[in-house]
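A.B. asks: Mind having a look at this structure? Questions to follow.
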Amino acid sequence: MADENVAPAVTEEIAQDVERLKKHLDMLDTRLDNIDSMVTAVAERVMSQPITLNIVCPNCGKNLEIAIIGKERPTR
2 MADENVAPAV TEEIAQDVER LKKHLDMLDT RLDNIDSMVT AVAERVMSQP
52 ITLNIVCPNC GKNLEIAIIG KERPTR
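Quick note on this note's numbering: the sequence shown kicks off at 2 and runs consecutively.
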């Protein structure tokens with residue numbers, strides 16, 4: 002009799018875990034779509050004009066400057 006009550010509780014818990022995983026996968030998919038959109042926008046901009054990224058190293062605090070130039074010549 003106790004085993005009959007445990008089985009539905011376990012299956013309900015598994016169903017909740019599956020739903021939670023689905024939600025997390027949907028959130029991850031949305032984030033990846035957003036990252037893809039940002040990377041695409043940067044790539045399109047780089048192809049038409051130069052872009053400079055300034056990044057601060059979290060370990061040493063140095064400024065890193067990365068210049069990216071596309072296939073077209075930069076004009077000023």
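In this text, a Cβ means the ideal position worked out from N, Cα and C, and glycines have one as well.
None of the values given here were measured: they were computed from a predicted structure.
State the DSSP-derived secondary structure class of Ile36, mapped to helix, strand or coil.
C.D. replies: Three-state result, Ile36: helix.
A.B. asks: Alpha carbon to alpha carbon, what distance is there between Ala10 and Ser38?
C.D. replies: Distance between the alpha carbons of Ser38 and Ala10 is about 42 Å.
A.B. asks: With DSSP as the reference, identify every bridge partner of Val57, one or two as the case may be.
C.D. replies: Bridge partners of Val57: Asn64.
A.B. asks: Grouping DSSP H, G and I as helix and E and B as strand, with all else coil, what is Ile1?
C.D. replies: Nothing in the structure corresponds to residue 1, since the chain is present only between 2 and 77.
A.B. asks: By Cβ distance, which residues of its chain are closer than 6 Å to Val19, with the 5 residues on each side in sequence left out?
C.D. replies: Here the set comprises nothing.
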